[in-house]
Every structure is written in C-alpha cells, then in structure tokens.
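Notes follow once the structure below has been shown.
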Amino acid sequence: MESRAFGATGLGVPVIGLGTWQVFDIGLERQETADDVVSASFEAGTRMVDSSPMYGRAEQTLGKAISGERDDTIVATKIWANSAEQARVQFESQMGFFDDRVDIEQVHNLVAWRSHLDWMEEEQERGRIGLLGATHYNPSAFDELEKVMRSGRVQAIQIPYNPVERDAEQRILPLAQELGLGVIAMRPLGAGSLVAGPLPDDLRMLGFISRADALLKWCLSDARIHVAIPATSKVEHARGNAAAGSGPWPDDPLRRRIASLLS
Ligand SMILES: NC(=O)c1ccc[n+]([C@@H]2O[C@H](COP(=O)([O-])OP(=O)(O)OC[C@H]3O[C@@H](n4cnc5c(N)ncnc54)[C@H](OP(=O)(O)O)[C@@H]3O)[C@@H](O)[C@H]2O)c1
Numbered sequence: 001m002e003s004r005a006f007g008a009t010g011l012g013v014p015v016i017g018l019g020t021w022q023v024f025d026i027g028l029e030r031q032e033t034a035d036d037v038v039s040a041s042f043e044a045g046t047r048m049v050d051s052s053p054m055y056g057r058a059e060q061t062l063g064k065a066i067s068g069e070r071d072d073t074i075v076a077t078k079i080w081a082n083s084a085e086q087a088r089v090q091f092e093s094q095m096g097f098f099d100d101r102v103d104i105e106q107v108h109n110l111v112a113w114r115s116h117l118d119w120m121e122e123e124q125e126r127g128r129i130g131l132l133g134a135t136h137y138n139p140s141a142f143d144e145l146e147k148v149m150r151s152g153r154v155q156a157i158q159i160p161y162n163p164v165e166r167d168a169e170q171r172i173l174p175l176a177q178e179l180g181l182g183v184i185a186m187r188p189l190g191a192g193s194l195v196a197g198p199l200p201d202d203l204r205m206l207g208f209i210s211r212a213d214a215l216l217k218w219c220l221s222d223a224r225i226h227v228a229i230p231a232t233s234k235v236e237h238a239r240g241n242a243a244a245g246s247g248p249w250p251d252d253p254l255r256r257r258i259a260s261l262l263s
C-alpha cells in the first residue's frame, strides 16, 4: 500500500533499505568495505539507509559512503539523547555527516521523546528534517509508541518485524495504517538468527533464492510495511537483499508457509 507519509519522500513502495547497526561501526581503515556495501546496494536499487548515534561510528561511516549520492539517498537516522541540549549536539553532527539534511529523523527507542518533538518540528519547518519518526525494538514499549503515534506529531515509525517478532501486528500496524504513517521494519532477518542454515527445498522450488530473499519478501508483502532495512557488512548480501525488494509478492498462504519453514 502506498504510504501517505512516505509518498512525499519519493520512496517507491515497498522498498529495501540498508541498516547499519554494528556493521558500519568500523574504523576509517575499513571505510572501503562500507563504501562497497553501499555501492552494491544502490546499484541493485536501494536508496534508503538507516543509522543512529547509538551505533558508534556508523553515521560517520555511512555519511562518507553515500557522499557522492547524497541527493538521491533517503537518510533515516535517530536522536538518542536524554535532553534537548544533548540532542542538538547529535543533530549538528548529523548535519555534518549528511550534508545539512536528515530525511527521516526518528526518536530512538522513544528516549525522552517529549523533550525532542518541539525542536525537531522547528527543524522540520526550517527544512533540515524531512519526516519525524519514532522507534522501539521492544513490544513492552508499544503502549508508549501508540501514544506518540496518536499525538499526530510523527509521520513514521520503526518496529521489529519478521516471522518470530510479530507483536506489531496486533495494534501498531493497524494503527499506522489508520493514521497513514510510514512503517520501517527493523530486524527483518531476526538480527541474523533467521538466515542461518540452508534454504528449505520447498522454498527454493517456489523461486526464492535464499532465506534472506524469502524473509524480506515475507516482510514487505504485508501491505502495512513500507521499508525493510536489513543490515549487512557483505557486498554479496547487500546485492541479494536489495534484489529481494521486487515482486512477485507472497500471498497469505505462502506467507504462512515461509513463516513456518523459517521461524
Ligand atoms: N531500536 C531501533 O531503532 C533499532 C533496533 C534494532 C535495529 N534497528 C535498525 O534495523 C537494522 C536491521 O536490524 P539488525 O541489524 O538488528 O538485524 P537484521 O538486519 O535482521 O540482520 C542483520 C544480520 O543479518 C546478516 N545478513 C544480512 N543479509 C544477509 C544475507 N543476505 N544472508 C545472510 N545473512 C545476512 C548480517 O550479517 P552479514 O554482515 O554477514 O551480512 C547481520 O548479521 C539495524 O541495522 C538498524 O539500522 C533499529
């Protein structure tokens, strides 16, 4: 389903993005690895990236890796700070990393979200932020996430979504759909736990090329999810993941089959 919020960013839907947790927290001497992952991803069609100040050097690494392609990249990152003052420092660093603009600025894990929305909205008006969002990795925080969503002050959310983490299906995804919010799925490969092992023959015969391919198609075939952001440190994975972002999409019976074989 076309997202009302993401429609404005030019993101076609559904879309594979590139996560950066752990894999982009690397020293300058390994910058080339990140450059290659980004190039492979972009050549295969990805245009959206996700990071956070919580991920060590990841934002810095990412900023360098996309620098030649900034105008064509949707940069999602986060604010992870206990106060507006601390957040401002993070934001100014991001202005340096990402050429004076963050396309989707999310409150990471809802940390002190009430302290951030005022200044984030001011930056949105100034044009240094595109859309506002909020993330949480833990379903125990979904009541609070629901409050943020209902505040009408965010246009996007980021939640875990894969065949073993489906809590968002209960209230968060229906609410996001009702409110027209963009939805980014974190951990689409279960932080790597769901891609271990061979691809079951049943799925290979149905045309899937890898477990990651089946999982990403499973994720994006829920019409309420607009972007899935697998993280990788490997060029061949980046290429394969990006390629999973086009149909044909599994229908409900096939989604159930994928979930039962890959959970
Ligand atoms: N609270 C939050 O806001 C929050 C929390 C968690 C995550 N996130 C975001 O969501 C992103 C994704 O989540 P995640 O990184 O936790 O987990 P994930 O994307 O589900 O899994 C990443 C793992 O899968 C492996 N992998 C990737 N592609 C593969 C492929 N084609 N075949 C085999 N293995 C593959 C990667 O290892 P290789 O390097 O070997 O490919 C990596 O270990 C994060 O990077 C971050 O941007 C946000």
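My numbering puts the first residue of the sequence shown at 1, with every later residue one more than the last.
Virtual Cβ for every residue (Gly too), placed ideally from N, Cα, C.
{"Item": "Nearest CA to the CA of Ile229: which residue from Ala191, Pro250 and Arg101?", "Value": "Ala191"}
{"Item": "Quick check on Asp143: buried or exposed, where buried means 16 or more other Cβ atoms within 10 Å of its Cβ?", "Value": "exposed"}
{"Item": "Using the C-alpha atoms, what's the distance from Ala112 back to Asn82?", "Value": "5 Å"}
{"Item": "Taking only three categories from DSSP, how would you classify Ala223?", "Value": "coil"}
{"Item": "Going by the CB atoms, is the gap between Ile157 and Ala185 shorter than 8 Å?", "Value": "no"}
{"Item": "My parser needs the alpha helix (DSSP H) runs of 4 or more residues fully inside the region 67-144; what are they?", "Value": "84-97 and 113-126"}
{"Item": "Between His237 and Ser39, what straight-line distance do the alpha-carbon atoms span, to the nearest angstrom?", "Value": "12 Å"}
{"Item": "At the level of alpha carbons, what is the spacing between Arg211 and Asp36?", "Value": "23 Å"}
{"Item": "Would Val164 pass as a contact of Ser263 if the rule is Cβ separation under 8 Å?", "Value": "yes"}
{"Item": "In chain order, what residues of the same chain have a beta carbon less than 8 Å from the beta carbon of Ile172, not counting five sequence neighbours either side?", "Value": "Phe142, Leu145, Glu146, Met149, Ile157 and Ile159"}
{"Item": "Looking at the structure shown, is Leu194 part of a helix, part of a strand, or coil, going by DSSP?", "Value": "coil"}
{"Item": "Could you tell me the boundaries of the alpha helix (DSSP H) in which Gly182 lies?", "Value": "Here Gly182 belongs to no alpha helix (DSSP H); instead the beta strand (DSSP E) covers Gly182 to Met186."}
{"Item": "Considering only DSSP beta bridges, list what Asp50 is partnered with.", "Value": "Ala76"}
{"Item": "Taking 8 Å as the CB-CB cut-off, is Glu123 touching chain B?", "Value": "The structure shown contains no chain B; it holds only a single protein chain."}
{"Item": "Between the alpha carbons of Ser221 and Asp72, how many angstroms are there, rounded?", "Value": "25 Å"}
{"Item": "Can you grab the Cα-Cα spacing for the pair Gly44 / Val227, in whole Å?", "Value": "Reading off the sequence shown, one finds Ala at residue 44, where the question assumed Gly. In a straight line, the C-alpha of Ala44 is about 15 Å away from that of Val227."}
{"Item": "With DSSP collapsed to three states, give me the class of Leu261.", "Value": "helix"}
{"Item": "Count the other CB atoms within 10 Å of the CB of Asn109; is the residue buried (16 or more) or exposed (fewer)?", "Value": "buried"}
{"Item": "What do you reckon, are the CB atoms on Gly245 and Ile16 nearer than 8 Å?", "Value": "yes"}
{"Item": "Between the Cα of His136 and those of Gln90, Pro250, Lys78 and Ala214, spot the shortest distance and give me the residue it belongs to.", "Value": "Lys78"}
{"Item": "According to DSSP, simplified to helix, strand and coil, what is Gly245?", "Value": "coil"}
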